[in-house]
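A.B. asks: Here it is, the structure, as C-alpha cells.
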C-alpha cells in the first residue's frame, strides 16, 4: 500500500510539472476555461539605432593621437624577470633573503609569479610558505605610480603594493611587515 501511494504521488508530481512547463512554453496549449479567451501578447518594439555624423574637415574638435598620449600618464612596463631581496621578521629577529619574480603584462593588467626564499619561520602570508620555490601565482593592476598585486584566487591570500622606479620596484605585503626590493634582469 505504501509503495503504491509513493508511486502515485511521484507520478502526479511529474505530470503537474510537465503540464506547467507545457503551458509556460506555449500558451496556446493551455485549455481555455468557460468564457475565457487567451489575450494576445504585445510584440517587442524593434530597437532604434541612431548614427551621428562626425566632423571630418574641422580641425577644432579633432585631437592628435600624440597630444592625447602626452596628457595621460604612461603606464610602467614590468614584464620580464626580476630578482632582489625581501626583508621581514623571523622567529627572533629581522631576516633578509632572496626574492625573484616573473611577470607578463597586457596593458594595465598582468599576471605572473613571485617567489620569496627561506620563508618557513617568517612573518609572511601562509600561501608564500606553502608554495615555496614554485612561487605564488599573482595578478596585478598597473597604475602610473604603483602596482597592486594579489593572489590569483583573491587578496585574502596575498596582497602587495609596489612602487616602480625604472628598473627597480619597492613593495610591501599588506598586513605584514615585509619589504620586497626587486631589480629587473637585463
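In the working numbering, the protein residues as written are 6 to 191.
Where a beta carbon is used, it is the ideal one built from N, C-alpha and C, also for glycine.
1. Taking 7 Å as the limit between beta carbons, can you name the residues of its chain near residue 189, skipping five residues before and five after?
2. Is the beta carbon of residue 153 closer than 8 Å to that of residue 114?
3. Which same chain residues, not among the five before or five after residue 89, have their C-beta less than 6 Å away from its C-beta?
4. Please work out which residues of its chain come closer than 7 Å, Cβ to Cβ, to residue 109, disregarding the five sequence neighbours upstream and downstream, and give them in chain order.
5. Mind checking residue 136: buried by the 16 CB within 10 Å criterion, or exposed?
6. Taking its Cβ as the centre, do 16 or more other Cβ atoms sit within 10 Å of residue 143, making it buried, or is it exposed?
7. Under DSSP, the alpha helix (DSSP H) around residue 83 begins and ends at which residues?
C.D. replies: The answer reads as follows:
1. These residues qualify, in order along the chain: 85, 87 and 172.
2. no
3. 104, 186, 187 and 188
4. 84, 115, 116 and 117
5. buried
6. buried
7. From DSSP, residue 83 is part of no alpha helix (DSSP H); its letter is neither H nor E.
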